[in-house]
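Read the structure below first, then the notes.
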Amino acid sequence: MAGTKFLAVIAFLLVFFKNGVEGSHRIYPQYQNLKAVKVNRVHRTGYHFQPPMHWINGPMYYNGLYHLFYQYNPKGAVWGNIVWAHSVSKDLINWEALDHAIYPSKWFDINGCWSGSATVLPGNKPVILYTGVDQKQRQIQNYAIPKNLSDPYLREWVTPNDNPIVDPDTSVNASAFRDPTTAWWVDGHWRILVGSKREHRGIAYMYRSKDFKQWVKAKHPLHSAPKTGMWECPDFFPASLSGAYGLDPSVVGQNVKHVFKVSLDITRYEYYTVGTYDKEEDRYIPDNTSVDGWAGLRFDYGNFYASKTFFDPSKSRRILWGWANESDSAKDDKEKGWAGIQTIPRKMWLDPSGRQVVQWPVEELETLRGQRVQLSNQKLKKGEHVEVKGITAAQADVDVTFSFPSLNKAEPFYPKWANIDAQDVCAQRGSKAQGGLGPFGLLTLASGKLEEFTPVFFRIFKAPNKHVVLLCSDARSSSLGSGLYKPSFAGFVNVDLTNKKLSLRSLIDNSVVTSFGAGGKTVITSRVYPTLAIFDKAHLFVFNNGSETITVKKLNAWSMKNPVMNIPIKN
Numbered sequence: 000m001a002g003t004k005f006l007a008v009i010a011f012l013l014v015f016f017k018n019g020v021e022g023s024h025r026i027y028p029q030y031q032n033l034k035a036v037k038v039n040r041v042h043r044t045g046y047h048f049q050p051p052m053h054w055i056n057g058p059m060y061y062n063g064l065y066h067l068f069y070q071y072n073p074k075g076a077v078w079g080n081i082v083w084a085h086s087v088s089k090d091l092i093n094w095e096a097l098d099h100a101i102y103p104s105k106w107f108d109i110n111g112c113w114s115g116s117a118t119v120l121p122g123n124k125p126v127i128l129y130t131g132v133d134q135k136q137r138q139i140q141n142y143a144i145p146k147n148l149s150d151p152y153l154r155e156w157v158t159p160n161d162n163p164i165v166d167p168d169t170s171v172n173a174s175a176f177r178d179p180t181t182a183w184w185v186d187g188h189w190r191i192l193v194g195s196k197r198e199h200r201g202i203a204y205m206y207r208s209k210d211f212k213q214w215v216k217a218k219h220p221l222h223s224a225p226k227t228g229m230w231e232c233p234d235f236f237p238a239s240l241s242g243a244y245g246l247d248p249s250v251v252g253q254n255v256k257h258v259f260k261v262s263l264d265i266t267r268y269e270y271y272t273v274g275t276y277d278k279e280e281d282r283y284i285p286d287n288t289s290v291d292g293w294a295g296l297r298f299d300y301g302n303f304y305a306s307k308t309f310f311d312p313s314k315s316r317r318i319l320w321g322w323a324n325e326s327d328s329a330k331d332d333k334e335k336g337w338a339g340i341q342t343i344p345r346k347m348w349l350d351p352s353g354r355q356v357v358q359w360p361v362e363e364l365e366t367l368r369g370q371r372v373q374l375s376n377q378k379l380k381k382g383e384h385v386e387v388k389g390i391t392a393a394q395a396d397v398d399v400t401f402s403f404p405s406l407n408k409a410e411p412f413y414p415k416w417a418n419i420d421a422q423d424v425c426a427q428r429g430s431k432a433q434g435g436l437g438p439f440g441l442l443t444l445a446s447g448k449l450e451e452f453t454p455v456f457f458r459i460f461k462a463p464n465k466h467v468v469l470l471c472s473d474a475r476s477s478s479l480g481s482g483l484y485k486p487s488f489a490g491f492v493n494v495d496l497t498n499k500k501l502s503l504r505s506l507i508d509n510s511v512v513t514s515f516g517a518g519g520k521t522v523i524t525s526r527v528y529p530t531l532a533i534f535d536k537a538h539l540f541v542f543n544n545g546s547e548t549i550t551v552k553k554l555n556a557w558s559m560k561n562p563v564m565n566i567p568i569k570n
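The C-terminal position of the sequence shown is numbered 570 in numbering that gives the first Met the number 0, with every residue numbered one higher than the one before it.
Structure (structure tokens):
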């Protein structure tokens with residue numbers, strides 16, 4: 000049904016049950032009403048959406064408003080008593096909290112209302128599909144509808160008694176069957192996917208319906224892959240080969256590729272492939288340029304999980320949201336009961352090569368820009384760092400272009416690195432390891448004497464037949480705090496170096512740094528917990544630690560204001 004409007008509700012991080020039922024969320028009945036301790040605001044973000052405490056879900060667009068749902072325990076600091084809290088926005092930046100939208104209330108979701116998606120049916124009628132957990136701890140798929148369609152805010156939702164609409168048959172693992180996708184319409188039937196697994200094979204089961212209530216399982220999954228484990232939060236959408244605009248989920252045909260993404264419960268990372276949707280066979284075939292497995296492309300190579308895209312018809316764009324999850328050892332957040340934040344929404348489109356996606360912060364974010372400072376043609380010799388003064392370095396938007404005179408000093412790219420993760424290369428060649436062409440980039444959330452800093456930087460290597468660009472966001476030096484997870488996140492950047500330039504944009508927000516390399520070809524989000532580089536004691540530097548002199552061709556940096564967030568913070 001071409002032109003069908005599309006909304007999506009983002010799925011959020013699910014915890015793996017290692018014993019008993021292989022479900023998602025670990026439940027602690029004895030602690031479900033345990034209140035969170037007083038929130039420490041030092042690491043609370045300023046311009047990212049962050050609920051007062053606990054876990055986040057996601058967005059949808061309907062009749063001029065963006066809706067953000069987040070999963071929230073109003074009675075305690077751990078998983079349990081979960082409701083879908085609800086906020087709305089006109090611009091994806093400023094938010095107003097509403098009453099809770101969905102909560103466990105009937106036999107088909109009495110043990111949890113988990114993640115899902117939404118579709119707007121003909122007649123402009125939104126329907127949410129979500130995973131419910133019944134009395135037997137089975138994961139089943141339900142639907143919810145607005146109580147009053149004339150309410151522009153969609154404040155109240157109901158879960159009809161004819162649920163569930165998708166019940167796992169005996170061939171499906173009912174303890175690993177969740178996260179229904181947005182529906183798309185092809186040849187007289189709606190289609191959805193539900194994530195699952197069979198032993199160690201990840202599976203995206205397909206279901207079809209003519210009326211959106213009676214659903215029939217397809218004879219075969221849309222896609223599956225061995226040795227990938229449980230597929231959480233699947234996402235499947237078309238992408239244009241001819242421009243940076245988004246497509247309605249029901250678009251198929253020439254000049255269109257499809258993107259398939261899953262969140263891997265085993266690794267806590269995501270991967271995606273680009274390929275072809277065969278609508279006659281209802282199968283997805285990844286291109287031979289996409290790796291289908293753990294080593295595949297990622298939307299974000301850092302603290303990022305359970306993402307979801309949605310089509311925004313108001314601006315003909317596809318938007319990506321994700322959860323910047325904390326680590327198990329980030330106790331400064333977990334003990335306060337609010338660890339995750341929603342990443343800044345990003346516009347997403349297909350690179351002209353058709354082999355990967357490109358991402359960029361939504362344009363609305365620029366309305367928060369305040370004081371601006373600039374640098375141009377600033378030379379950086381080996382070992383030099385220059386401070387960017389005049390902005391709030393703890394809460395900033397930085398856009399910089401670096402140039403270099405030649406590629407001759409690029410370090411050799413060792414053959415053994417071709418078979419390891421970029422993160423391992425970054426760990427071996429960090430910002431302090433002097434090189435040839437790099438490391439160069441930004442020192443974000445830095446203390447005055449560099450006791451703490453989170454470097455975001457490029458290194459350029461020379462492989463036998465090409466140059467290899469590595470983008471790193473290295474948290475190992477981010478904090479003097481103990482017991483913290485401080486990884487060196489990294490991704491390779493597929494970029495043409497003919498003009499001898501590389502661009503970097505970093506969004507810095509107190510405890511999160513999201514960086515977009517080469518115009519958004521590679522993106523990395525890092526959660527960090529500085530103890531010295533906080534508030535007005537944070538600094539920002541450009542640096543070079545390579546033997547080749549680097550030029551800061553152009554740098555613009557802005558202080559970022561706080562948006563309107565009418566979401567109460569509990570003390």
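All C-beta atoms in this analysis are idealised placements derived from N, C-alpha and C, irrespective of residue type, glycine included.
What's the C-alpha gap between residue i and residue j?
| i | j | result |
| --- | --- | --- |
| Asp-535 | Gln-394 | 10 angstroms |
| Asp-168 | Val-41 | 49 angstroms |
| Ser-114 | Val-193 | 11 angstroms |
| Ala-329 | Val-132 | In this predicted model, Ala-329 has a pLDDT of only 42, less than 50, meaning its place in the structure is not dependable enough to derive any value. |
| Ser-174 | Gly-292 | 22 angstroms |
| Ser-352 | Pro-163 | 42 angstroms |
| Gly-482 | Tyr-268 | 22 angstroms |
| Ala-96 | Ser-208 | 34 angstroms |
| Gln-134 | Ala-217 | 27 angstroms |
| Trp-557 | Glu-362 | 15 angstroms |
| Tyr-270 | Lys-260 | 6 angstroms |
| Pro-121 | Leu-67 | 22 angstroms |
| Arg-458 | Met-59 | 38 angstroms |
| Val-119 | Glu-410 | 53 angstroms |
| Phe-309 | Glu-383 | 43 angstroms |
| Asp-210 | Asn-160 | 17 angstroms |
| Gly-228 | Tyr-204 | 14 angstroms |
| Asn-464 | Thr-400 | 26 angstroms |
| Val-527 | Lys-448 | 18 angstroms |
| Ile-533 | Pro-225 | 45 angstroms |
| Lys-212 | Thr-158 | 13 angstroms |
| Arg-177 | Lys-461 | 44 angstroms |
| Pro-360 | Gly-519 | 9 angstroms |
Near residue i, which residues of its chain fall below 8 angstroms by C-beta distance, leaving aside the five closest residues on each side in sequence?
| i | result |
| --- | --- |
| Pro-454 | Gly-429, Ser-430, Pro-438, Gly-440, Leu-441, Leu-442, Thr-443, Cys-471, Ser-472, Asp-473, Ser-476, Phe-542 |
| Pro-562 | Tyr-46, Ile-92, Asn-93, Trp-94, Leu-367 |
| Asp-186 | Lys-278 |
Which of helix, strand or coil does DSSP assign to residue i?
| i | result |
| --- | --- |
| Asn-578 | Residue 578 lies beyond the range of the chain shown here (0 to 570); nothing can be said about it. |
| Ala-182 | coil |
| Pro-454 | strand |
| Arg-40 | helix |
| Glu-231 | strand |
| Leu-367 | helix |
CB-CB under 6 angstroms to residue i, same chain, minus the five flanking residues each way: which ones, in chain order?
| i | result |
| --- | --- |
| Phe-640 | Since the first residue of the chain shown is 0 and the last is 570, residue 640 is not available in this structure. |
| Ala-392 | Ala-537, His-538, Leu-539 |
| His-99 | Val-82, Ala-84 |
| Asp-286 | Val-273, Gly-274 |
| Ile-507 | Ala-395, Thr-443 |
| Asp-350 | Val-357 |
In its own chain, which residues sit with a C-beta less than 7 angstroms from the C-beta of residue i, not counting the 5 before and 5 after it?
| i | result |
| --- | --- |
| Leu-531 | Ser-446, Glu-450, Glu-451, Leu-479 |
| Thr-180 | Ser-116, Ile-191, Leu-192, Pro-233, Asp-234, Phe-235 |
| Ser-315 | Tyr-244, Gly-245 |
| Ala-426 | Ser-487 |
| Val-258 | Phe-236, Ala-238, Tyr-271, Val-273, Val-356 |
| Thr-524 | Asp-299, Gly-301, Asn-302, Phe-303, Ala-323, Thr-342, Val-511, Thr-513 |
The ligand SAM and residue i: does the residue's C-beta get closer than 7 angstroms to at least one heavy atom of that ligand?
| i | result |
| --- | --- |
| Tyr-244 | Judged by which ligands are present, the structure shown has none, so any question about the ligand SAM falls away. |
What ranges does the beta strand (DSSP E) occupy inside the region 240-280, keeping only unbroken runs of at least 3 residues that lie completely in it? 255-263, 269-277
Given 8 angstroms, three or more beta-carbon pairs between the region 548-556 and the region 361-377: yes
Would the region 311-322 count as touching the region 483-491 if we require 3 or more Cβ pairs under 8 angstroms? no
Take every Cβ of the region 188-203, pair it with every Cβ of the region 144-158, and state whether three or more of those distances are shorter than 8 angstroms. no
Quick check for students: name the residue ranges of the beta strand (DSSP E) that lie wholly in the region 188-216, counting only runs of 3 or more. 188-197, 200-208
Can at least three beta-carbon pairs, one atom from the region 242-255 and one from the region 205-222, be found at a separation below 8 angstroms? no
Is it the case that the region 258-276 contacts the region 396-405, given that we only count it when at least three CB pairs across the two stretches are under 8 angstroms? no
Which full runs of the alpha helix (DSSP H) of 4+ residues lie inside the region 466-546, going along the chain? none
Alpha helix (DSSP H) segments (min. 4 residues) lying fully within the region 415-452: 421-427
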